[in-house]
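Engineer: Okay, here's the structure, questions in a sec.
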Amino acid sequence: MQTSVTPTHCPYCALQCGMNLTPEPAGGVTVVERPDFPVNRGALCGKGRTAPAVLSSHVRLTSPLVRSGGTLVPATWDEALDRIAEGLRRTRTEHGPDACGVFGGGGLTNEKAYTLGKFARIVLGTSQIDYNGRFCMSSAAAGGIKAFGLDRGLPFPLEDIPKTGCVLLVGSNLAETMPPALRYLTELKENGGRLIVVDPRRTRTAEQADLHLAPRPGTDLALALGLLHLIVAEGRTDEAYIRERTSGWEEARAAAMAHWPEYVERITGVSVPELREAVRLFCEPEAAMVLTARGPEQQSKGTDTVSAWINLSLATGRPGRPLSGYGCLTGQGNGQGGREHGQKADQLPGYRKLTDPEARRHVAEVWGVDPDSLPGPGRSAYELLDALGTDIRSLLLMASNPVVSAPRAAHVEERIRSLDFLAVCDVVLSETAELADVVLPVTQWAEETGTTTNLEGRVLLRRRAITPPEGVRSDLHVMHELAARLGVEKGFPTDPEEVFEELRRASAGGPADYSGITYGRLAAENGVFWPCPADSPADGPADVPEGASLGAPHDGPNGEPTDTAVHPGTPRLFLDRFATEDGRARFVPVSHRAIAEEPDDEYPVLLTTGRVVAQYQSGAQTRRVDELNAAAPGPFVELHPRLAERLGAAEGDPVAVVSRRGRAVAPARITNAIRPDTVFMPFHWPGEGRANTLTNPALDPTSRMPEFKACAVRVEAVNAVEAVEA
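According to the UniProt record's numbering, the sequence shown is numbered sequentially starting from 1.
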């Protein structure tokens, strides 16, 4: 056990809040504040404060498990690894390399995500790799790349938010999903700024707003277009900015003008006076920001919806100007870095495109392989899961729990059960791990060193604070051992710093260039923002591709000029140019279209899903913490009093929510904070209250994001006999 205080970061959301860990005499660690870290300045939510509880051997895995006679039983590491290698080898021999699937997670460190992508493509030779971050912000990524040529969650640090004039927050409930970040909105208002929140529910975040717009779920695209129509009609566009820094405005303006206010009111339920007030609040200040999250993104038209909000921001001259712009509030702990370095189906390290011959050549050279040996793009996350048991016969899964978190979850569970072979690496025995042929217990945040990249694009160093239990190994160890068993003896080190050094080389010159970042720098600084090329500012960032200087590569951490020999990183993007070939941002013309599944007589209500403050993602870890379970013990159905009255349901009564995909039952929570035509369920629980049993896997054509946020359901009262039996 270490005896000194260890500065590190929370294992949960994309804020990656700073914390200090102090050793306990009897073993384990206690979380204490770390006020020097600028993102949270010492503040932590309940999940962060209680994170050490999951380190306990009472709740986590400490021995490999293998299936014997239908039951998972303890095994040695050699036995478990041999069985995984044999299962993958047999599948590859009998059905080809693409019959082997790999599914990763947004909680993996950069080193693990990088190695997992390399393992899939070099050791298994499979194209079938994706990760649960596809369910997080893939629509925002696609929209950002279309408009700006680059995707980074926030193109500016969080510290800029309180200094702007207005924040238009779309589909985010920061008070519950990222509580320490709520202070930025509080400070915004204290500084005289305005807050507009778009959400079909009057959440704790919406209660802080100067204006709350409550559109019908799935109509955010029409809302954005209606606001842009008014901006044009009222002469509030920034014509000089549009002329000098953008392209494609005429087409985007024409599309928006087809969405007049009264038409948008009928679609969204947001009144014309509210639309006009939103335009006034957003356009009057010199600086303003649009921030989106899962609400507009988790739709079958999520990319177009994000594009509409970006168009609104561009039309008013915000992106690439101080204290202004568009940003996405990434959700998962390493959702940003996790997709930058190779575990996404279509990407190589450094945010390179797998279809780009030069990108393939560069990465293949780092890996010491023939570029032609690298497989092409594979299936997206849901499509991969849907192919299990048919085209994909074996699956290696790390740090994800799709039995709870995937859309149409009962179907996904059925597909997982149909596999010839399933191996899971996880900290706990999740609902998905319970179905595996082999389960490997792996190290977690406080037991290992590695880097993550938070929602600002700030690369951070998590430090090992304690020794993992006997019988637990790292994911890097797993991939090293499996690679050796499958005939690849070199190229899979177990030391995370050695992996990061290779990642630096692989990312060099790519859009997400980490080549100027080292463990030494991260240990001495509060993170480094990418892109950060290895070239010194004095020489110019020679390895950065055209358009990727992004405006301010020579600025110091607070935006001040610097002549130091080490590139300081890029906290603020696009101040000089956008990452497109001509340096201009692109308007993308979009038009409203309906969600994939509109209500009808049989399913007359809309379901939307989300999180609660005391649980995280599929709940695999947080549901094992007593304090968090006391605060949020189980699922519920939030419904309006008028709907409850029609059902004859009282507060706490069990109600059933039924979609075309299944049925979920949970207690009623009756509130005026939701629209009468909408119900809400949190998605953290398995069993009969599993919200994702209901959700629609209809995919966005660009991002391949499922439509978690809107599907047609009916709500039924559950009679007393049925409730007792359940």
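Glycine included, each C-beta is placed from N, C-alpha and C at the ideal position.
1. Using the Cβ count rule (16 or more neighbours within 10 Å means buried), how would you classify residue 69?
2. Quick one: give me the first and last residue of the beta strand (DSSP E) that residue 394 is part of.
3. What are the start and end residues of each continuous alpha helix (DSSP H) run of 4 or more residues lying completely inside the stretch 102-189, in chain order?
4. Quick check on the burial criterion: 16 or more other C-beta atoms within 10 angstroms. Buried or exposed for residue 35?
5. Between the Cα of residue 460 and the Cα atoms of 528, 489, 398, 406, which residue gives the shortest distance?
6. With contact counted as at least three CB pairs below 8 Å, one residue from each stretch, are the stretch 598-606 and the stretch 255-266 in contact?
7. Taking C-beta to C-beta, are residue 320 and residue 574 nearer than 8 Å?
8. Could you name the residues that DSSP lists as bridge partners for residue 295?
9. Using 7 Å as the cut-off, classify the Cβ of residue 387 as near or not near the heavy atoms of the ligand MG, replying yes or no.
10. Helix, strand or coil: how does DSSP classify residue 283 here?
11. Drop a sphere of 10 angstroms on the beta-carbon of residue 58, count the other beta-carbons inside from all chains shown, and report buried for 16 or more, exposed for fewer.
12. If you draw a straight line from the C-alpha of residue 451 to the C-alpha of residue 656, how long is it?
13. Per the contact definition of three or more C-beta pairs closer than 8 Å, is the stretch 118-131 in contact with the stretch 344-361?
14. For residue 200 and residue 336, I'd like the C-alpha separation in whole angstroms.
15. Which residues bound the alpha helix (DSSP H) around residue 717?
16. Could you give the uninterrupted runs of the alpha helix (DSSP H) lying entirely in the stretch 237-278, keeping only those of 4 residues or more?
17. Assuming residue 48 and residue 12 form a contact by the criterion Cβ under 8 Å, report the distance between their Cβ atoms to the nearest whole angstrom.
18. Give me, in chain order, the residues of the same chain whose beta-carbon lies closer than 7 Å to that of residue 364; leave out the 5 immediate sequence neighbours on both sides.
19. Taking residue 98 as the reference, which of 524, 378, 474, 641 has the closest Cα?
20. In the DSSP assignment, the alpha helix (DSSP H) including residue 382 goes from what residue to what residue?
21. Let me confirm a value: residue 86 is counted as buried when at least 16 other C-beta atoms fall within 10 Å, else exposed. Which label applies?
22. First and last residue of the alpha helix (DSSP H) that includes residue 201?
23. What residues are listed by DSSP as bridge partners for residue 662?
24. Cutting at 7 Å between CB atoms, please list the residues of its own chain near residue 276, excluding the five before and the five after it.
25. Residue 475 lies in the beta strand (DSSP E); which residues open and close that run?
26. Can you check whether the CB of residue 681 is closer than 8 Å to the CB of residue 666?
27. Contact check, residue 39 vs residue 454 under 8 Å by CB: the rounded distance?
28. What residue does the alpha helix (DSSP H) around residue 409 start on, and which one ends it?
29. Taking only the alpha-carbon atoms, compute the straight-line gap between residue 423 and residue 6 and give it to the nearest angstrom.
30. Based on DSSP bridge pairs, tell me the residues matched to residue 194.
31. Under the three-state reduction of DSSP, which class applies to residue 353: helix, strand or coil?
32. Give me, in chain order, the residues of the same chain whose beta-carbon lies closer than 7 Å to that of residue 494; leave out the 5 immediate sequence neighbours on both sides.
33. Run through the DSSP bridge pairs and tell me what residue 738 is partnered with.
34. Give the DSSP-derived three-state secondary structure of residue 208 in the structure shown.
35. Classify residue 215: buried if its beta carbon has 16 or more other beta carbons within 10 angstroms, exposed otherwise.
36. Starting from residue 705, follow its DSSP beta bridges and name the residues at the other end.
Structural biologist: A quick look at the data gives this:
1. exposed
2. 394-398
3. 110-118, 138-148, 174-177
4. exposed
5. 528
6. no
7. yes
8. The partner list for residue 295 (beta bridge, DSSP) is empty, contrary to what the question assumes.
9. Ligands displayed in this structure: none; no statement on the ligand MG is therefore possible.
10. helix
11. exposed
12. 43 Å
13. yes
14. 27 Å
15. Premise fails: residue 717 lies in the beta strand (DSSP E), 711-717, not in any alpha helix (DSSP H).
16. 239-245, 249-257, 261-268
17. 6 Å
18. 370, 371, 374
19. 378
20. 381-386
21. exposed
22. Element bounds for residue 201: n/a, residue is neither H nor E.
23. 659
24. 230
25. No beta strand (DSSP E) holds residue 475; the alpha helix (DSSP H) holding it covers 475-485.
26. yes
27. 7 Å
28. 409-417
29. 33 Å
30. 166
31. strand
32. 474, 476, 477, 480
33. No answer is possible for residue 738: it lies beyond the span of the chain, which begins at 1 and ends at 726.
34. helix
35. buried
36. None; residue 705 has no bridge partner.
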